[in-house]
Every structure is written in C-alpha cells, then in structure tokens.
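Enquirer: Residue numbers for the sequence shown follow numbering that gives the first Met the number 0, so the first one is 0 and each next one is one higher. Built from N, CA and C at the ideal position, the CB exists for glycine as well.
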Amino acid sequence: MPKIAIYAGHGGSDYGAVSGALREKDFNLAISNATSDILRRLGYDVLNNRTTDVDRNITRDVEMANNQGADALVEIHMNSNEGTPGTGSEAFYSIKDTGKGQALAEAILAGMERLGFVNRGARVHINANGQDTFGILRLTNMPAVLFEAAFINNPQDMQKLNIQSVADVIGGAVARLFPTTAPPVPPNPEWSARIRNIQSTLNSRYGFNLTVDGAPGPLTRSALVKGFQTELNRQFGRNITIDGIFGPETRAATVNVRPGARGNMTFLIQAALFIRGFTDVNPDGVFGPITENAVRQFQRAAGLNVDSIVGPNTQNALFNW
Ligand SMILES: [Zn+2]
Numbered sequence: 000m001p002k003i004a005i006y007a008g009h010g011g012s013d014y015g016a017v018s019g020a021l022r023e024k025d026f027n028l029a030i031s032n033a034t035s036d037i038l039r040r041l042g043y044d045v046l047n048n049r050t051t052d053v054d055r056n057i058t059r060d061v062e063m064a065n066n067q068g069a070d071a072l073v074e075i076h077m078n079s080n081e082g083t084p085g086t087g088s089e090a091f092y093s094i095k096d097t098g099k100g101q102a103l104a105e106a107i108l109a110g111m112e113r114l115g116f117v118n119r120g121a122r123v124h125i126n127a128n129g130q131d132t133f134g135i136l137r138l139t140n141m142p143a144v145l146f147e148a149a150f151i152n153n154p155q156d157m158q159k160l161n162i163q164s165v166a167d168v169i170g171g172a173v174a175r176l177f178p179t180t181a182p183p184v185p186p187n188p189e190w191s192a193r194i195r196n197i198q199s200t201l202n203s204r205y206g207f208n209l210t211v212d213g214a215p216g217p218l219t220r221s222a223l224v225k226g227f228q229t230e231l232n233r234q235f236g237r238n239i240t241i242d243g244i245f246g247p248e249t250r251a252a253t254v255n256v257r258p259g260a261r262g263n264m265t266f267l268i269q270a271a272l273f274i275r276g277f278t279d280v281n282p283d284g285v286f287g288p289i290t291e292n293a294v295r296q297f298q299r300a301a302g303l304n305v306d307s308i309v310g311p312n313t314q315n316a317l318f319n320w
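Below, the structure written as structure tokens:
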C-alpha cells in the first residue's frame, strides 16, 4: 500500500501569509485534512505532520517522511505577494527529482486549472547555494511537491477556493501517479458508517430515497439542502421551493443557527461539515464545542467572518457544492 505524506505548511504560532482575517495556516490545514481523508478512503497509508493548529517542526517532518519510507509527499501552502495580487496555482519539485515529483506537481496544477485557477507552472526553486530553497524538498528523499494552491491576498482566488474541490484534485493526482497495487481496501469503516447514517437519517426524516452507500455524491449533497429547506418551511413557516439548491430564495428565508442549538438544522449543518472533511464532527444534532470549532475553521477557510454563527453567508458557502 503506497504511503503518502500530506503536510500542512506553517501552523500554531507561525500563521504563514496573512491577508485581513485570512491566515494561510488555516487553509493549509483544512486542505491537508480533507486530502488525507480522501486518500485514506482510497486505501492509502497517509502521514500527516499536523492535523490541528499546532507548530510544525521541519526536522521532525522530514524525518517522518524519510524514516517511514513515504512514496510521495505533498506540502500544502497558500501564496501571497506584495503589490497587485498575483493569481493562480503553482508548485515546486526538487532538483533531485527524477520525474515523478514533477509529474505529480503538473497533475495537481492541471486539476486546479480545471477548477478555474491560472496554472503558473511547476518548477524548481533554487537558493544562492544551488540547493532547493524549500527545506521540505531539499531534505526529503522521495518525489515531493510544495504546492501553492492560490493567492491568499487575491479575493477572486479566495472566492473560487473550495477546500473539498482542491482536496479532490490533490487526491486524484496522487491516486493516478501512485496507484495502489494492493487489492481494493474497503473505505474507512467509521467514515462510511457516518455517511450511511446521514443518508438513512435523510431518508427517514424527509422521505428521500437515497441509496445508503456511504458515499456522499451529488444526490446526498442536494438532499442536505432539501432537508434544510424543509426545516425552514416546517419550523419557520416559510414557503420556499424544495429544490436542493441553496440559492437567493433560500438565503433570504434562512435563520441563524448558533452554538448551543439542537435539532434537525444543526444535524444538516454538521453533516455538511463532516462531508467537507471536518471529520471530528459527529452529526448528532447538538451544536457543541467540536461543531463550533469546525464552524470557525470552515469560516476561516472560506474567508468569512469567524463568529461561530451559521448564518446566510456560512450556509451559502457550506451548502453550495
Ligand atoms: Zn506558506
């Protein structure tokens, strides 16, 4: 089973690039966690340098990848520049690379291009001593990519940035270039079980006919929105169309859902957070501290006001997929 290191740049006291309320470390972490979930579901053995907002240690991170024999490594960053904001995605590989790091970098960038990001190209980045500038590329000994997803100081880039889509791009590129040779591994049983629970709850609560398969495809995602619309009609006497699209009508009819809330709307928000890679969240209908933390992380990653309140803007970002 291939072993893949998925690392989040910066963390803890090191915010990375900052633009207004946006902190690079939060995006790096959200993308890293979502990518790792995808790869684990595909059966990969995934190494992470951090899964929460803690300081990273480059020496330890390098040793982990080298000593544990990672087959490939992707470290996730956000770009930033002075002056007129730059735009797009770029990626770096090592001067030691024999082709696979470059291929992985190019595959990730091609995926980002499909999401509408400018492809700024894959290349090496060399310091005055003729070595790789980035420690993670200089000191590791497997195909490695340092990926800059988008410009944190460019509002257009940030509006386009969807954590789950970027994770799909990275996960897909890894899966194509480092295919797993082991027989198919069943998906993470706990993760699938939670998705099946979400699907069967949606079926019983709203009379949907979703296949309970543990895979959150488009039908499951739009069923979450239909459920939300149904709750607005039932609980708040709205009369909005149940069409599974979080559009202007739903947005105008919605209500704020706050920490401490309990019930079906909280369940639907938790389910959306869980599917989007915030896997600490257990969809149980109780808006407790873990859910609140996930909401704050999501708001940060989506470039929203970080206030823990799931209002129209947060719902729009959460349910538009
Ligand atoms: Zn960075």
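Check each residue's C-beta against every heavy atom of ligand 1 and list, in chain order, those closer than 5 Å.
Expert: With the cut-off at 5 Å, the residues found are Gly8, Gly15, His76.
Enquirer: If you measure between the beta carbons of Gly213 and Arg195, is that distance less than 9 Å?
Expert: Taking the sequence shown and counting its residues from 1, one reaches residue 213 at position 214. Taking the sequence shown and counting its residues from 1, one reaches residue 195 at position 196. Yes. Within cutoff.
Enquirer: Distance check for Thr290 and Gly262, CA to CA, integer angstroms please.
Expert: Counted from its first residue, the sequence shown places residue 262 at position 263. Counted from its first residue, the sequence shown places residue 290 at position 291. Rounded to the nearest angstrom, the two C-alpha atoms are 13 Å apart.
Enquirer: So, are the CB atoms of Leu41 and Ala174 less than 9 Å apart?
Expert: Counted from its first residue, the sequence shown places residue 41 at position 42. Counted from its first residue, the sequence shown places residue 174 at position 175. It is a contact, given that the beta carbons lie within the stated cut-off.
Enquirer: Under DSSP, the alpha helix (DSSP H) around Phe227 begins and ends at which residues?
Expert: Locating residue 227 in the sequence shown gives position 228, where the first residue counts as 1. Element bounds for Phe227: 217-235.
Enquirer: Taking Cβ to Cβ, would you say Tyr14 is nearer than 9 Å to Ile75?
Expert: In the sequence shown, counting from the first residue as 1, residue 14 sits at position 15. In the sequence shown, counting from the first residue as 1, residue 75 sits at position 76. It is not a contact, given that the beta carbons lie outside the stated cut-off.
Enquirer: Quick check: Ser79 and Ile151, are their CB atoms within less than 9 Å of each other?
Expert: As a working note, residue 79 is residue 80 in the sequence shown. As a working note, residue 151 is residue 152 in the sequence shown. Result yes, Cβ atoms of Ser79 and Ile151 sit closer than 9 Å.
Enquirer: Within the same chain, show all residues whose beta-carbon is closer than 7 Å to that of Phe277, passing over the 5 residues directly before and after it, in chain order.
Expert: Here residue 277 refers to the residue found at position 278 when the sequence shown is read from its first residue. For Phe277, where only same-chain residues beyond five positions count, the Cβ hits under 7 Å are Ala293, Gln296, Phe297.
Enquirer: Going by the DSSP bridge assignment, what does Ala7 pair with across the sheet?
Expert: Position 8 of the sequence shown holds residue 7. Bridge partners of Ala7: Ile75.
Enquirer: Would you mind giving the Cβ-Cβ distance between Ala121 and Ala90, rounded to the nearest angstrom? I have them listed as a contact below 8 Å.
Expert: Locating residue 121 in the sequence shown gives position 122, where the first residue counts as 1. Locating residue 90 in the sequence shown gives position 91, where the first residue counts as 1. Ala121 to Ala90, Cβ: 5 Å. Contact.
Enquirer: So, are the CB atoms of Asp131 and Ile94 less than 9 Å apart?
Expert: The count along the sequence shown starts at 1 and reaches residue 131 at position 132. The count along the sequence shown starts at 1 and reaches residue 94 at position 95. Yes, they are a contact pair.
Enquirer: What does Leu21 pair with, by DSSP beta-bridge criteria?
Expert: The residue labelled residue 21 in the question sits at position 22 within the sequence shown. BP columns for Leu21 point to Ser18.
Enquirer: Pick helix, strand or coil for Ile57, following the three-state DSSP scheme.
Expert: Counted from its first residue, the sequence shown places residue 57 at position 58. If DSSP states are grouped into helix, strand and coil, Ile57 belongs with the helices.
Enquirer: Could you check what DSSP says for Lys147 in three-state terms: helix, strand or coil?
Expert: Reading the sequence shown from its first residue, position 148 is the one you call residue 147. The sequence given here has Glu at residue 147, not Lys. Reduced to three states, the DSSP call for Glu147 is strand.
Enquirer: So, does the segment 225-234 touch the segment 259-273, judging by three or more C-beta pairs under 8 Å?
Expert: Contact holds: three or more Cβ-Cβ distances are below 8 Å.
Enquirer: Using the three-state DSSP reduction, which class does Arg122 fall into: helix, strand or coil?
Expert: Along the sequence shown, read from residue 1 onward, the residue named residue 122 stands at position 123. It is a strand residue.
Enquirer: For Ile37, count neighbouring Cβ atoms within 10 angstroms of its own Cβ and tell me buried if that reaches 16, exposed if not.
Expert: Along the sequence shown, read from residue 1 onward, the residue named residue 37 stands at position 38. By the 10 Å Cβ count, Ile37 comes out buried.
Enquirer: Is DSSP giving Phe336 helix, strand or coil here?
Expert: The shown model of the chain, from 0 to 320, leaves out residue 336, and the question about it has no answer.
Enquirer: Give the straight-line distance between the Cα atoms of Leu72 and Val254, rounded to the nearest whole angstrom.
Expert: As a first step, residue 72 is located in the sequence shown; it is residue number 73 there, counting from the start. As a first step, residue 254 is located in the sequence shown; it is residue number 255 there, counting from the start. So the two alpha carbons sit approximately 43 Å from each other.
Enquirer: Classify Pro282: buried if its beta carbon has 16 or more other beta carbons within 10 angstroms, exposed otherwise.
Expert: For the purposes of this step, residue 282 is taken as the residue at position 283 of the sequence shown. That one is buried.
Enquirer: May I ask you to report which of helix, strand or coil DSSP gives Asp36?
Expert: The count along the sequence shown starts at 1 and reaches residue 36 at position 37. In this structure, Asp36 counts as helix in the three-state DSSP scheme.
Enquirer: On the three-pair Cβ rule with 8 Å, is the segment 48-65 touching the segment 131-142?
Expert: The answer is yes - the segment 131-142 touches the segment 48-65, with three or more Cβ pairs under 8 Å.
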